[in-house]
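Down below is the structure, laid out as structure tokens.
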Amino acid sequence: MCRKIYQDCEGLGEYIQSAICGEETGVNDCVVIDSDLEDLIPGFIEKRQEDIRAILAAAAARDYETIRNIGHNLKGIGGGYGFDRVTKLGAAIEQAGKQQEGGKACELAQVMKTYFENIEIHYE
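Note that the working numbering has the sequence shown beginning at 82, numbered continuously upward.
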């Protein structure tokens, strides 16, 4: 299995992740996370499920400020836990809130829901 030090080298972390989570496994959504965070990940994912429900409810209510706030929070928290895709989705959700695009926010929330339903997590 890979070691944390490799992730500090530019590009090597992605190489390791693709080697662990590549075509052999048939998994498209895969992350390699520091084992020190293993106990925190179930709670992190549960909270993201709550965020998804809140985004959908806010979009239905045309509460774009809530969408923007949730997106902003997601943008800031994803990478710290090793979920860079959550950071990217958060930025897009924040933009959808700013531009008052409730439909786009719903689409992005569904993408995140699917991501967490299909993700494969490896701890190092």
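Beta carbons are placed, not taken as given, at the ideal position from N, Cα and C, and that holds for glycine.
{"Item": "Helix, strand or coil at residue 205 [DSSP, three-state]", "Value": "coil"}
{"Item": "Within-8 angstroms CB hit, residue 116 to chain C", "Value": "Absent here is chain C; the protein component of the structure consists of one chain."}
{"Item": "Residue range of the unbroken beta strand (DSSP E) whose run includes residue 148", "Value": "It is not in any beta strand (DSSP E) - residue 148 instead sits in the alpha helix (DSSP H) that spans 145-158."}
{"Item": "Which of helix, strand or coil DSSP assigns to residue 114", "Value": "strand"}
{"Item": "Alpha carbon of residue 187 to alpha carbon of residue 130, nearest angstrom", "Value": "13 angstroms"}
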